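Have a look at the structure below before the remarks.
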Amino acid sequence: MGTTTIGVSIAVPEPYGRLLQDLRAGFGDPAAHAIPTHVTLLPPTELAREELPRFGRHLARVAADGRPFTMRLDGTATFRPVSPVVYLRIAEGGTDCGALQEQVRSGPVARELQFPYHPHVTVAHGISDDAMDRAQAALADFTADWTASGFALYEQGRDDVWRQLRVYPFGTEPLPPLPHQHTSAATQPSRIPRPVA
22 MGTTTIGVSI AVPEPYGRLL QDLRAGFGDP AAHAIPTHVT LLPPTELARE ELPRFGRHLA
82 RVAADGRPFT MRLDGTATFR PVSPVVYLRI AEGGTDCGAL QEQVRSGPVA RELQFPYHPH
142 VTVAHGISDD AMDRAQAALA DFTADWTASG FALYEQGRDD VWRQLRVYPF GTEPLPPLPH
202 QHTSAATQPS RIPRPVA
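Heads up: the sequence shown runs through residues 22 to 218, numbered per the working numbering.
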């Protein structure tokens with residue numbers, strides 16, 4: 022059945038999600054519209070397709086034990102020079118994200134992180150220093166807040182676009198397992214789904 026690349030994240034809801042995607046594209050980031058605006062819980066990870074149902078059950082258990090919490094973004098920062106990223110800072114909700122990502126990574130997809138976990142919302146990645154400086158300055162006063170009511174599982178398509186497979190609401194009964202994924206380029210949706218909070 023092969024492998025697929027998956028990720029788990031908390032989506033930044035509308036109107037902020039699309040706005041930040043458009044701004045990211047305006048800064049010259051070519052990946053802007055391939056990646057829904059999000060806070061990562063599990064970074065891109067290769068997984069055997071046959072393991073998707075088991076991982077889905079694990080995510081459902083994590084979500085069932087979770088409770089909604091407040092997320093607040095406030096201003097920008099950067100990982101430069103270690104990593105070419107400008108991001109929005111998580112002013113509230115970071116501790117909850119940290120605990121959640123540990124639970125997500127404690128199941129059948131246990132993996133080490135390249136860097137210590139630091140919840141954030143990327144607004145520019147891998148573009149010129151001038152463009153990243155512009156992104157950092159343009160969003161320095163940006164703020165947003167919402168209630169995180171769950172998280173979602175995403176899959177990266179052959180076209181490098183990330184698409185949502187399932188939303189896992191907090192505090193609900195575990196969902197049925199994910200079916201085995203049999204997708205081809207011909208059946209992939211042509212548009213990026215809007216993130217769901």
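Idealized CB from N, CA, C, for every residue including glycine. These numbers come from a predicted model, not from an experiment.
- S170 counts as buried, since at least 16 other C-beta atoms from the protein chains shown sit within 10 angstroms of its C-beta.
- Residue pairing by DSSP places H141 opposite R110 in a beta bridge.
- Taking a C-beta distance under 8 Å as the contact criterion, H79 and G128 qualify as a contact pair.
- In summary, G87 is buried, with 16 or more beta-carbon neighbours lying within 10 Å of its beta-carbon over all protein chains present.
- For C118, the closest alpha carbon among the candidates T164, A98, V130, R93 is that of R93.
- Ranking L121, V144, L62 by CA distance to the CA of F163 puts V144 first.
- Residue environment analysis places L174 among the buried positions, since at least 16 neighbouring C-beta atoms fall within 10 angstroms of its C-beta.
- Around the Cβ of A53, a 10 Å sphere holds 16 or more other Cβ atoms; the residue is buried.
- Excluding the 5 residues flanking it on each side, Y37 has same chain C-beta neighbours closer than 6 Å at A165, in chain order.
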